[in-house]
Each structure stands twice: as structure tokens, then as C-alpha cells.
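Down below is the structure, laid out as C-alpha cells.
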Amino acid sequence: KNDKKVAPKKMPSAEDLPRTKLSEWLETHVRNKVEEKQKQLATIKSEEENMPFDDALSATQLGGRITIRQVTSTDRKLEVRELMKQRYAHRNYPDEFPF
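Here the sequence shown stands for residues 525 to 623, where the numbers follow the working numbering.
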């Protein structure tokens, strides 16, 4: 019987996952909005409590660094039904729509 304990493996976090253009865009814009809101809250706090802005900024920290990753992505197509094709044949209606 071997009673050696194996250390648990570290659970991967969002930062360990690969980046995509969508995740980069979302992450950047969410971070900017959070920073904007934090500065707004810090300004109010510094004025109301008569404290330096930098102290108010550190007091209004809203948590850790935001990380957004796209976990899955699928390309699908919607096939157009025959009656729709017939109805809009004169408009060169496509057979399918990607979504």
C-alpha cells in the first residue's frame, strides 16, 4: 500500500485559456468601463469625505483584475424553407443564412 499524497493540480483560470479577438475586445471595454466607474466613485468619495483622490481610489477598489475568455464558438447556418425561396425568388434570396 502506497500512502503518498499527491498535491492537487492547480485549477486553470480564465487567464490560462487562449485569447480571441472577441475576448480581447470585451475584456478591454469592460475594464475601461469599470475603471471609469471606479474613478467616478473615487471622485465622489474624495469630495464627500475630504480625502486625497489617490486614497479614495484605492478605497474604492472593486475587486481583482477582470479576465474574459470565449470558451466556445460555433458556426451555424439556417436553411431557408422552400416557400420563402419561392416567394422571394425574384430578389435572389439565399438558400441559407450564417449565424
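From the three backbone atoms N, C-alpha and C, an ideal C-beta is built for every residue, glycine too.
- Tell me whether the beta-carbon of residue 586 lies closer than 9 Å to the beta-carbon of residue 562. Here residue 586 refers to the residue found at position 62 of the sequence shown. Here residue 562 refers to the residue found at position 38 of the sequence shown. In contact: residue 586 and residue 562 (Cβ atoms closer than 9 Å).
- State the Cα-Cα distance for the pair residue 610 and residue 602, rounded to the nearest angstrom. Along the sequence shown, read from residue 1 onward, the residue named residue 610 stands at position 86. Along the sequence shown, read from residue 1 onward, the residue named residue 602 stands at position 78. CA-to-CA, the gap between residue 610 and residue 602 works out to about 17 Å.
- Message: According to DSSP, residue 620 sits in a beta bridge with which residue or residues?
- Response: Along the sequence shown, one-based indexing puts residue 620 at 96. Partner(s): 603.
- Task: Write down every uninterrupted run of the alpha helix (DSSP H) in the region 558-583 whose length is 4 residues or greater and which is fully enclosed by it, in chain order.
- Result: If you keep only unbroken alpha helix (DSSP H) runs of at least 4 residues inside the region 558-583, you get 577-583.
- Query: Under 9 Å between the Cβ atoms of residue 592 and residue 547?
  - Reply: Position 68 of the sequence shown, counting from 1, holds the residue named residue 592. Position 23 of the sequence shown, counting from 1, holds the residue named residue 547. Against a cut-off of 9 Å, the Cβ pair of residue 547 and residue 592 comes out as a contact.
- Nearest-angstrom Cα distance between residue 545 and residue 534? Reading the sequence shown from its first residue, position 21 is the one you call residue 545. Reading the sequence shown from its first residue, position 10 is the one you call residue 534. Taking the straight line from one Cα to the other gives about 27 Å.
- For residue 622, collect the residues of the same chain with a Cβ closer than 6 Å to its Cβ; drop the 5 residues on either side in sequence, then sort them by chain order. Within the sequence shown, residue 622 is the residue found at index 98, counting from 1. Counting only Cβ-Cβ distances below 6 Å, and skipping sequence neighbours, we find 601.
- Message: Here's a check: name, in chain order, each residue in its chain whose Cβ is nearer than 8 Å to the Cβ of residue 566, leaving out the five neighbours to either side.
- Response: Here the question's residue 566 lines up with position 42 in the sequence shown. Closer than 8 Å at Cβ, skipping near neighbours: 577, 580, 581, 583 and 584.
- Residues in its own chain within less than 8 Å of residue 573 by CB, not counting five upstream and five downstream? Walking along the sequence shown from the start, residue 573 turns up at place 49. The answer, listed in chain order, is 580.
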